[in-house]
Every structure is written in structure tokens, then in C-alpha cells.
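Protein chains in written order, with my numbering: chain A, 107 to 525; chain B, 254 to 674.
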């Protein structure tokens with residue numbers, strides 16, 4: 107929290123305070139505080155909303171001398187009775203933040219604002235934290251004279267919080283939410299699933315500017331939520347998300363779309379991804395063919411270790427699919443599989459066909475149980491998938507299998523509503 | 254090893270119509286049928302025994318009202334992804350949210366006790382003593398709620414509505430005169446006697462209860478439904494509400510065709526009604542009635558603690574512990590445990606004035622219902638909350654009238670209760 111020269115104020119005790127003129131006469135009642143989100147770490151109070159003689163007015167920050175519990179003092183006796191107008195990056199603390207959810211970036215969870223803490227720093231009142239503890243609630247329901255004695259409970263520093271602003275008319279679609287970049291895609295996906303629909307959209311919108319991150323978040327989302335957020339988008343936008351996803355995840359997502367939408371979306375994918383997606387779509391999704399990813403590295407037996415390593419370097423495939431580098435003969439039948447670590451340690455000039463051990467593979471129509479059993483029995487993280495001709499078609503990685511075989515109660519997701 | 258498939262894979266290859274139908278059944282059916290609980294069955298039995306088919310017409314009106322109210326709650330859950338208590342806190346502030354929470358807690362605890370009394374009474378007809386049946390019921394309910402995942406619990410809730418089919422069968426076994434039944438439905442018979450009005454109001458009160466909207470909206474959210482599920486969820490809510498009230502009507506018919514016709518006009522509780530059926534419709538009808546009562550009591554005994562847990566978690570902002578199922582959260586487990594344990598223990602104490610307790614619970618519900626319904630109505634009409642999915646102009650008027658009428662009846666019941674005590 108920033109250095110402060112004064113006490114901490116609770117928003118709940120500032121609201122409803124007397125608005126007092128410079129001479130000490132009461133002129134009205136404080137209804138809300140306006141703060142500016144944006145560049146400052148701690149948002150400054152830019153105006154005080156008050157009821158003066160039955161009218162709702164906004165008192166600009168420079169006409170306010172000080173805030174305190176029970177009393178907000180003006181620096182002027184002349185009140186400019188302008189109607190309240192909000193600038194694009196301003197939010198009302200009571201109306202837009204209090205009682206609503208915020209993202210606790212450090213805790214990677216949603217919190218509800220029970221009270222808001224204000225302190226003076228750099229010469230002006232700013233929001234410094236949010237009370238998320240039970241006392242914050244207690245303070246707001248007991249009579250005022252007791253409320254002052256209620257201490258603060260769990261206060262989170264504003265620097266770790268990101269408020270939702272989708273419900274604020276003027277801020278809509280403008281909030282950048284820079285702090286969300288500190289979260290892992292899986293955490294962001296969890297937040298999207300736990301939040302309400304509008305809040306979830308806001309998180310998705312916030313990562314939209316970073317296409318890679320957006321695709322990662324979508325990969326982590328549950329199918330129901332993927333559909334929820336994708337369905338409203340145009341085909342081209344869906345395709346651009348799918349293009350950045352792992353092929354097997356992209357196919358799963360595609361399958362969650364309504365049937366008539368699938369082909370137009372596939373048509374908009376880049377050529378390579380399109381071919382892979384079409385190939386995977388042809389397989390029964392409960393078999394190795396449906397589980398596998400078509401991204402792998404397979405070299406001819408004559409290739410040297412160094413050449414194989416070069417193929418790995420140039421491959422865009424996900425790391426887990428490259429744990430084994432496959433070797434095939436001139437008839438493209440796979441006969442070797444070299445663990446990546448062994449490959450790195452091997453003599454760079456050795457021909458792959460001579461040093462690679464025989465790999466464990468399954469047929470395209472092997473079911474999940476068979477794949478899982480083979481992985482368990484032989485301690486594999488990757489299993490190759492071959493067609494009738496023993497040609498490598500793809501690889502199933504342990505993460506794809508685990509996801510399906512883990513007992514439901516073990517999955518730490520919010521709804522557990524899958525399966 | 255189990256064969257597992259992810260939801261979208263299941264979706265892409267539907268394995269049969271029945272499974273699809275079962276997958277759709279959920280919060281709407283459960284919420285509406287949890288309203289046909291032990292207290293509900295007792296009320297419907299009294300209606301049938303005292304007035305025969307005379308009050309059947311109002312089941313039509315009550316069904317329409319229930320559909321209107323439940324549709325709004327389900328739509329809010331689907332569109333906002335938030336529970337009713339969440340929305341009350343965000344739009345109306347912490348005080349209203351706390352008030353609703355406190356009332357729900359008291360009311361649900363009270364009703365929960367009556368459900369365990371119902372479990373004891375139903376199994377008591379089979380000769381099982383209360384101190385055996387109630388603890389077993391409590392442990393079963395607790396395990397299901399705390400140990401089961403949402404999906405498993407929901408499936409079992411749906412299965413628990415199957416015993417309700419016992420009532421139509423019991424009613425048919427009672428050989429009602431279907432001509433009289435049809436006539437009573439289309440030609441309302443209205444009396445102005447206080448007893449008639451009290452039963453009328455009590456029936457409305459037991460069919461539309463606050464926990465039903467709270468449960469429905471939160472369950473829709475926990476199920477993860479989004480705007481594109483609105484159509485199917487709406488259909489599910491409407492059919493579930495109609496099913497619940499058809500069942501209620503059959504309870505009235507079953508008792509009317511036997512007890513009323515044979516001059517047995519006084520029914521004190523649901524078990525009483527089951528026993529009373531025997532001389533006229535045989536042991537089989539009595540057994541069916543008891544099975545229905547057991548299923549109904551178990552279902553409601555499970556739904557009430559869940560609803561209380563939802564509301565408390567939403568109001569205090571506990572529920573959104575990321576990476577953790579709400580069912581693993583200490584608050585959820587705590588609330589469920591307290592309600593189940595206290596409910597079961599109180600229900601076992603000999604000589605507990607169950608009837609007075611139910612009256613007190615009715616009073617709390619009577620206060621809570623207008624408030625809940627008002628929030629449901631206003632929130633679902635709010636463009637800020639619902640955007641383009643808010644109530645249409647005409648629907649909003651219908652909904653408003655429904656809310657006012659239902660609330661009025663509820664307050665009337667409250668007045669009657671206080672005048673009566």
C-alpha cells in the first residue's frame with residue numbers, strides 16, 4: 107500500500123456523510139464517489155456525487171477539501187450545479203464496484219467487494235484496497251456509531267485487483283485489464299467459468315488482443331463455455347482462434363459448434379491446420395484416431411541424429427508430442443521411436459534407423475482403454491498411432507488420456523458438471 | 254476401467270433419444286417437484302378430503318403462476334450466469350441480500366425438519382421406527398450432497414421424482430368419477446367460507462415457495478448453461494412445473510375419490526392420508542402413497558440444504574473459490590451439515606410440535622415469498638441485468654400480476670396464521 111499521511115477511510119462510512127461547505131454549514135448528502143481507473147496504480151477520487159437540495163449533483167474533486175467519515179468538506183462555498191456526467195474511464199464506487207465481483211489476480215480467484223478502503227497518497231484520496239472479509243459486511247449493516255468501531259478484516263491491495271467494468275455504460279469495451287496478463291491461461295479459463303456470463307465475456311475480451319493467449323485460454327475452457335463464447339463470433343474470428351490451438355483441441359471445439367457452422371469455419375483455417383482438422387474429424391472420437399494429434403516428427407531411417415534434431419528444432423508441434431522422434435523405412439512404415447533425451451545424447455552422425463528402438467504403437471481404432479493400458483504398462487507419455495500399413499498417423503499424448511480417465515471427483519474444476 | 258467421454262463427444266454422438274431427454278431433465282423438474290414435499294402432500298390431501306374436487310380448478314391457475322415465476326428465474330440464471338442472491342446483492346445491496354439469506358436459512362431449516370418428519374412417517378407405515386429411518390435418510394442425503402458431484406447429485410434428484418408417479422396410480426386405484434373431475438377443473442366452484450379460503454391460500458403457498466426460485470436459478474448456473482441453452486431450459490422448466498402440479502392434482506383426486514366421498518373430511522398429515530386411503534382403495538394404494546411421500550420428503554430434504562448453501566455462498570461471495578468445486582468448499586459443507594443434522598435431530602425428538610413448527614415456517618415463507626418474487630420480477634425485467642433477454646412488455650405485466658396475486662395470497666396466509674394463533 108502506498109505511503110499515506112493519514113487514516114484509512116471506509117467507503118461505507120463516507121457514503122451518506124454530510125456534505126459540508128467551507129464555512130461548516132451542511133449543504134447536502136454524499137451518495138457516491140467517482141474514481142478514474144487507468145494509469146494510476148491507485149485510482150484517484152475525481153468527483154463526489156451528492157444530493158443537494160433534492161438534486162443529484164457531481165462535485166468535482168478540486169472543489170473538495172477533504173473526505174472523512176461522516177463529513178466531506180468543500181473547498182468552496184459556490185457549488186457548480188452541473189448534472190453528473192461520466193468520462194469513459196470513470197467508475198462509481200458504490201454503484202459499479204461495491205458488492206460486485208473483482209478479480210484477485212494474486213489469488214487467481216473472484217472476490218466480492220464488501221467495503222472499499224480509501225487513503226490519501228500523492229496529495230489526494232485514492233482507492234487503496236478492498237475489504238473482502240466478514241467485517242466489511244458487518245460494518246455496513248450495523249448502525250453508524252457502532253460501524254466506526256468495526257475494524258478492517260481482510261483487505262486486498264488494489265494493485266492485485268482488477269474490477270469488472272462491463273456493466274458500466276461508459277467503460278464498456280474499453281477496459282484493458284492489464285493485470286490479467288499476470289495469470290496463467292488455465293487460471294484465466296477457471297475465472298471465466300466461475301464468473302457470470304458478462305464477466306466471463308469481459309475476461310475473454312481482455313485477452314482478445316493477444317491471439318496466442320486467447321487461443322490458450324480457449325484450450326483450457328470447458329466445452330460448454332467454449333461454445334458459449336464462440337457462438338456469438340463470426341466464422342473468421344472462430345477460425346483465427348482455432349488456427350492457434352493444438353489440432354486435437356481445435357477439433358473438440360469444432361465439434362461443440364452446431365453442425366452447419368463447422369464447414370464454413372474449417373474452410374477459413376490455414377491450409378495445414380485445415381488438413382489436420384479434416385483428418386482428425388474423420389476418426390471416431392472415442393478411439394486413438396480421435397484422440398491423437400497429427401503433429402509429430404518422423405524421419406527416414408537413413409537420416410542422422412543431427413538431421414533428426416534439426417527437424418525437432420524446426421517443428422512447431424507442442425513439446426509433449428515430440429518426446430519421441432519416430433523413424434520410418436522407405437515404405438513409410440514406422441519401425442523406430444527415439445526418446446528426445448536419448449536423441450540429444452546420441453552420436454550426431456549415427457543413422458537413426460540403426461539406433462532407434464522399436465516403438466509401442468496402437469492402431470487407429472484402438473479404444474481409450476487400450477491406449478491408457480499401454481501407456482500405464484510401458485510407462486509411456488506418448489504412443490504412436492498407425493494405420494493398417496503401419497504408417498504413423500499421429501500420436502496420443504498422456505495429457506489427452508489423463509483428461510479422460512481421471513475420476514471425475516479428482517478434477518478440480520468449478521462446476522464438475524462434465525461427463 | 255470406466256469408459257469416459259467428454260461432454261462434447263457425448264453431444265456429437267447422441268446415443269438415443271431417452272438419454273437425450275434424461276440429460277435435459279434437471280433443475281426445472283427438480284425445483285418444481287421439491288415443492289410437492291411432505292407439507293405439500295399434507296395440504297393437497299387435506300384439500301381433497303375436505304372439499305373433494307372443488308379446488309381442482311385452482312391447480313390450473315397455480316400451475317400457470319408457477320410457470321411464469323420459474324421461467325423468469327431460469328432465464329436469469331441462463332443469461333447472467335449468476336444466482337438470485339448474487340443479483341440481489343449486486344443490484345439492491347447487502348441489506349436485502351442479508352435479509353433474504355437469513356429468511357431462507359430459517360425457512361429452509363424449518364421445512365427441512367418437516368421433510369425428515371415426512372421420511373419418518375412414510376417409513377413408519379412400513380413399520381420402521383423413526384430413530385432408524387430418519388438417521389439413515391439423513392446420512393444418505395448428506396453423503397449425496399457433500400460427496401457427490403453436481404452431475405451425480407442432479408441425476409439422483411431426477412430419479413427421486415420417479416416415486417411421484419405413485420400418485421397418479423394411487424388416484425386411478427381409488428376409482429374417481431372422471432366426469433366429476435373434468436367438470437371440477439373447467440367449472441370453478443368458489444366458496445367464501447374461511448376454511449375454503451385458508452386451504453386455497455395454503456395450497457398456493459405450498460406450491461410456490463421461495464426456495465424453488467432460489468434453487469432453480471443457482472442450479473442452472475452450476476449446471477453451466479449459457480444463452481444458447483435458453484430454449485431447452487425453458488422447455489424443461491415449463492414441463493417440470495406442469496408435471497409437479499399434475500402430481501399435486503392427482504393427490505387431491507386420490508383423497509377426494511376416497512376420503513371425501515366416504516365422509517372422512519379430516520386429514521392431519523400426509524401419513525394420515527396414506528393410512529386413510531387403505532379401507533377404500535386397498536393396501537396397494539396406501540403403499541403407493543407412502544412411497545410417494547418418501548420420495549418427496551427425501552428430494553426436498555436434499556434440495557433445501559443445497560439452496561441454503563447456494564444463497565449463503567452467493568451473498569457472502571464464498572462460492573467462487575476457483576479451482577475448487579463449490580461442493581468442496583467448507584461453507585457449502587457446513588451449511589448442508591447443519592441443516593441436515595438439525596433437521597433430522599429435531600424430527601426425531603418425540604413430542605416436537607411439528608404442526609406448530611410448520612405454521613411458523615409458513616409464516617417466514619409468507620414474508621419471504623413476496624420479496625423473492627419481487628426481486629425475480631424486477632431483476633428479470635431490468636435491461637441492465639438482462640439486456641435483450643429481459644421480460645417482454647406483455648409478459649412483464651402478466652408476471653407483475655402473478656407476483657402481486659401470489660404475494661397477496663402469501664400475506665393473507667400470514668394474516669390467517671397470526672389470527673389463528
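The C-beta atom is built at its ideal place from N, Cα and C for all residues, glycine as well.
Item: Given that residue 343 of chain B touches chain A, what residues does it touch there, using C-beta distances under 8 Å?; Value: 205, 206
Item: Output yes if chain B places a C-beta closer than 8 Å to the C-beta of residue 243 of chain A; else output no.; Value: yes
Item: Is any beta-carbon of chain B found at less than 8 Å from that of residue 119 of chain A?; Value: no
Item: Tell me where the alpha helix (DSSP H) around residue 124 of chain A begins and ends.; Value: That residue, residue 124 of chain A, is in no alpha helix (DSSP H); its beta strand (DSSP E) goes 124-126.
Item: Counting along the chain, where does the alpha helix (DSSP H) carrying residue 278 of chain B start and finish?; Value: Segment: none, residue 278 of chain B is in no alpha helix (DSSP H) and carries neither H nor E.
Item: Please report the distance separating the alpha-carbon of residue 370 of chain B from that of residue 592 of chain B.; Value: 14 Å
Item: Could you name the residues that DSSP lists as bridge partners for residue 116 of chain A?; Value: A:223
Item: Taking only runs that begin and end inside the segment 314-354 of chain A, name each unbroken alpha helix (DSSP H) of 4 or more residues, in chain order.; Value: 317-326, 329-336, 341-349
Item: Figure out for me which residue from A:117, A:486, A:309, A:353 has the closest Cα to the Cα of residue 446 of chain A.; Value: A:486
Item: Please confirm whether residue 337 of chain A has its beta-carbon closer than 8 Å to some beta-carbon of chain B.; Value: yes
Item: If you follow the beta strand (DSSP E) that residue 138 of chain A is in, where does it begin and where does it stop?; Value: 132-142
Item: Give the DSSP-derived three-state secondary structure of residue 434 of chain A in the structure shown.; Value: strand
Item: Is it buried or exposed, residue 431 of chain B, if we count other Cβ atoms within 10 angstroms and call 16 or more buried?; Value: exposed
Item: Which value, in whole angstroms, describes the spacing of the CA atoms of residue 442 of chain B and residue 413 of chain B?; Value: 34 Å
Item: Listing by chain order, which chain A residues have their CB less than 9 Å from the CB of residue 333 of chain B?; Value: 302, 303, 304
Item: By DSSP's criteria, residue 218 of chain A is part of a beta bridge. Which residues make up the other side?; Value: A:207
Item: Closest to residue 266 of chain A by CA distance: which of A:291, A:210, A:256 is it?; Value: A:210
Item: Beta-carbon within less than 6 Å of residue 200 of chain B's beta-carbon, same chain only, minus the 5 sequence neighbours each way: which residues are those?; Value: A query on residue 200 of chain B cannot be resolved here, the shown segment of chain B reaching from 254 to 674 and no further.
Item: Kindly list, in the order they appear in chain B, the residues whose Cβ is closer than 8 Å to that of residue 247 of chain A.; Value: 347, 348, 351
Item: Strictly by DSSP, which residues pair up with residue 362 of chain A?; Value: Answer by DSSP bridge pairing: none, since residue 362 of chain A is not bridged.
Item: Using C-beta distances below 7 Å, list every residue in its chain close to residue 417 of chain A, excluding the 5 sequence neighbours before and after it, in chain order.; Value: 403, 405
Item: Would you mind listing the beta strand (DSSP E) stretches within the segment 380-412 of chain A that are 3+ residues and don't spill past its ends, in chain order?; Value: 404-406
Item: For residue 534 of chain B, collect the residues of the same chain with a Cβ closer than 6 Å to its Cβ; drop the 5 residues on either side in sequence, then sort them by chain order.; Value: 426, 427, 511
Item: Identify the contact partners of residue 331 of chain A in chain B, using a Cβ-Cβ distance below 9 Å as the criterion.; Value: 477, 479
Item: So what does DSSP say about residue 672 of chain B, is it helix, strand or coil?; Value: helix
Item: If we call anything under 8 Å between Cβ atoms a contact, is residue 392 of chain A one with residue 473 of chain A?; Value: yes
Item: So, with DSSP's three-state summary, where would you put residue 193 of chain A?; Value: coil
Item: With a 10 Å radius around its C-beta and 16 neighbouring C-beta atoms as the bar for buried, classify residue 656 of chain B as buried or exposed.; Value: buried
Item: Can you list, in chain order, the residues of its chain with a C-beta nearer than 6 Å to that of residue 628 of chain B? Leave out the 5 residues immediately preceding and following it.; Value: 341
Item: In angstroms, rounded to a whole number, what distance separates the CA positions of residue 488 of chain B and residue 282 of chain B?; Value: 10 Å
Item: DSSP state of residue 618 of chain B, grouped into three classes?; Value: helix
Item: Taking 8 Å as the CB-CB cut-off, is residue 569 of chain B touching chain A?; Value: yes
Item: Please state whether DSSP places residue 500 of chain A in a helix, a strand or coil.; Value: strand
Item: Under three-state DSSP, which class holds residue 643 of chain B?; Value: coil
Item: Is the separation between the beta-carbon of residue 558 of chain B and that of residue 589 of chain B shorter than 8 Å?; Value: yes
Item: Measuring alpha carbon to alpha carbon, tell me which of A:492, A:496, A:478, A:495 ends up nearest residue 506 of chain A.; Value: A:478
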